[in-house]
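Be aware that the sequence shown starts at 5, since it is given in the working numbering, and climbs by one per residue. Glycine residues also receive a C-beta, built at the ideal position from the N, C-alpha and C atoms. Small disclaimer: the values here were computed from a predicted structure and weren't measured. The next block holds one structure in the form of structure tokens; read it before the comments.
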Amino acid sequence: MIGRLNHVAIAVPDLDAAASLYRDTLGAKVGAPQDEPDHGVTVIFIELPNTKIELLYPLGENSPIQGFLDKNPSGGIHHICYEVDDILAARDHLQATGARVLGSGEPKIGAHGKPVLFLHPKDFTGTLVELEQV
Ligand code: CO
Numbered sequence: 005m006i007g008r009l010n011h012v013a014i015a016v017p018d019l020d021a022a023a024s025l026y027r028d029t030l031g032a033k034v035g036a037p038q039d040e041p042d043h044g045v046t047v048i049f050i051e052l053p054n055t056k057i058e059l060l061y062p063l064g065e066n067s068p069i070q071g072f073l074d075k076n077p078s079g080g081i082h083h084i085c086y087e088v089d090d091i092l093a094a095r096d097h098l099q100a101t102g103a104r105v106l107g108s109g110e111p112k113i114g115a116h117g118k119p120v121l122f123l124h125p126k127d128f129t130g131t132l133v134e135l136e137q138v
């Protein structure tokens with residue numbers, strides 16, 4: 005059911021430092037920061053030959069990233085995103101197997117303008133999983 009790894013999202017306490025690390029130390033193609041007010045994050049997209057890295061930094065109050073950074077002050081992997089062809093079919097299959105979909109269960113439009121869902125980390129070996137319909 006799942007396809008390509010679309011991205012790995014890393015929450016960071018210092019966006020400039022993390023961008024510099026990926027650009028100058030690791031030599032990656034690092035984009036400009038983009039505010040995503042609907043998601044409470046500022047994102048920097050990093051393009052790798054086979055996938056993307058997304059650096060996440062809290063934006064505004066009640067950012068979903070802030071609690072994560074409180075628990076992980078040096079930052080860390082926040083979620084991984086797999087591609088699916090049909091997000092509603094994927095959701096129905098997952099729910100039928102007992103996996104928990106976060107929120108209302110209805111897909112939201114994610115940072116790339118495509119429908120996404122998040123799956124409960126306790127059902128996926130401690131990893132927050134995002135599904136994106138491509
Ligand atoms: Co994501």
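- Query: Alpha carbon to alpha carbon, what distance is there between G107 and L132?
  - Reply: Rounded to whole angstroms, L132 to G107 spans 13 Å at the Cα level.
- Item | Limits of the beta strand (DSSP E) - the one that F72 falls within | Taken as a continuous stretch (DSSP letters only), F72 belongs to no beta strand (DSSP E), being part of the alpha helix (DSSP H) at 68 to 75.
- Does the ligand PLP have even one heavy atom less than 7 Å from the beta-carbon of A115? Although the ligand PLP was asked about, the structure shown includes only the ligand CO as ligands.
- Counting along the chain, where does the alpha helix (DSSP H) carrying I91 start and finish? Taken as a continuous stretch (DSSP letters only), the alpha helix (DSSP H) holding I91 covers 91 to 100.
- Query: Can you tell which of I81, K56, D89 has the C-alpha that lies nearest to the C-alpha of A115?
  - Reply: With respect to the C-alpha of A115, the residue from I81, K56, D89 having the closest C-alpha is K56.
- Query: If you run the structure through DSSP and keep just helix, strand and coil, what is T46?
  - Reply: In the structure shown, T46 falls within a strand segment according to DSSP collapsed to helix, strand and coil.
- Coil, strand or helix - L19 by DSSP: Three-state DSSP puts L19 in a helix.
- Below 8 Å, can you find three or more Cβ-Cβ pairs linking the stretch 9 to 17 to the stretch 38 to 56? The stretch 9 to 17 is in contact with the stretch 38 to 56.
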